[in-house]
Amino acid sequence: MNTFSLRPHCGEAGHVNHLLTGYLLSESIAHGILLRKGLNVSLSTDDPLQFHYTKEALMEEYSIAAQVWKLSSCDMCELARNSVMQSGFEDKVKIHWLGPNYREEGVVGNDIHRTNVPDIRVSFRHEAHVDELCNLFRVQHLTHQAE
């Protein structure tokens with residue numbers, strides 16, 4: 000039996016609550032536009048027979064992304080890492096590409112020899128995520144105090 004996972008398109012258009020709903024209810028978000036602000040962004044082929052011009056749809060996606068958004072090689076490696084993390088690949092495939100500790104948060108979960116993503120970048124992303132969660136909890140606490 001196949002397992003379906005909810006991976007909506009969030010963050011491109013519509014109300015900001017789409018991101019909140021996606022965060023709470025989804026396994027992951029299909030794509031977004033806020034990589035430089037820290038949103039976990041990935042690339043994947045979307046309807047390759049409709050939207051691509053070459054036989055290598057995924058390579059086309061990465062090439063276009065690199066040119067349009069002026070991504071560095073480090074950015075590209077981070078996109079590839081995120082794509083594997085968010086994918087529906089089996090655990091053993093993710094371990095092969097990301098390393099045995101890929102489920103761990105922060106630098107502990109990064110195998111630079113496999114991902115080519117510097118630990119300093121992974122650390123920054125993790126710290127930004129923790130700060131964002133702290134802000135959410137702080138607002139929630141203040142909201143409950145006001146009631």
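Under numbering that gives the first Met the number 0, think of the first position of the sequence shown as 0, with each following residue one higher.
Note that CB positions come from ideal geometry on N, CA and C, so glycine has one too.
It should be emphasised that the depicted structure is a prediction, and the values quoted were computed from it without experimental measurement.
Nearest-angstrom Cα separation, counted from residue j out to residue i
i, j, result
"Leu38", "Ile111", "20 Å"
"Arg120", "Arg80", "12 Å"
"Leu70", "Ala64", "7 Å"
"Phe88", "Gly98", "14 Å"
"Val83", "Asp90", "10 Å"
"Asn134", "Leu57", "36 Å"
"Cys73", "Ala145", "44 Å"
"Ile32", "His14", "Any reading at Ile32 must be qualified, since the residue scores a pLDDT of 48, below 50, and its modelled position is unreliable; no value is offered."
"His128", "Val92", "26 Å"
"His140", "Gly108", "30 Å"
"Thr142", "Glu131", "17 Å"
"Ala96", "Gln66", "A small correction: the amino acid at residue 96 is Trp; Ala does not occupy that position in the sequence shown. Answer to the nearest angstrom: the Cα atoms are 25 Å apart."
"Arg124", "Asn16", "22 Å"
"Glu162", "Thr20", "Nothing about residue 162 can be reported from this structure: the residues present for the chain run from 0 to 146 only."
Buried versus exposed call for residue i [16 or more other C-beta atoms within 10 Å across all chains shown]
i, result
"Glu126", "exposed"
"Arg137", "exposed"
"Tyr52", "exposed"
"Gln85", "buried"
"Gln49", "exposed"
Closest by C-alpha distance to residue i, when choosing among the options
i, options, result
"Ser122", "Leu132, Gly105, Cys133 and His128", "Gly105"
"Glu59", "Leu42, Asn100 and Val83", "Leu42"
"Met75", "Ser86, Tyr61 and Val67", "Tyr61"
"Asp118", "Tyr101, Asp130, Glu131 and Cys133", "Tyr101"
"Val40", "Asn16, Trp68, Lys54 and Ala145", "Trp68"
Closer than 6 Å: residue i CB and nearest the ligand FMN heavy atom
i, result
"Glu126", "The model depicted lacks the ligand FMN and carries no ligand whatsoever."
Are the stretch 67-87 and the stretch 98-117 touching, with three or more C-beta to C-beta distances below 8 Å?
-> Yes, they touch.
Which ranges would you report for the alpha helix (DSSP H) in the stretch 45-79 if only whole runs of at least 4 residues count?
-> Restricted to the stretch 45-79, the alpha helix (DSSP H) segments that are unbroken, complete and at least 4 residues in length are 47-50 and 56-67, listed in chain order.
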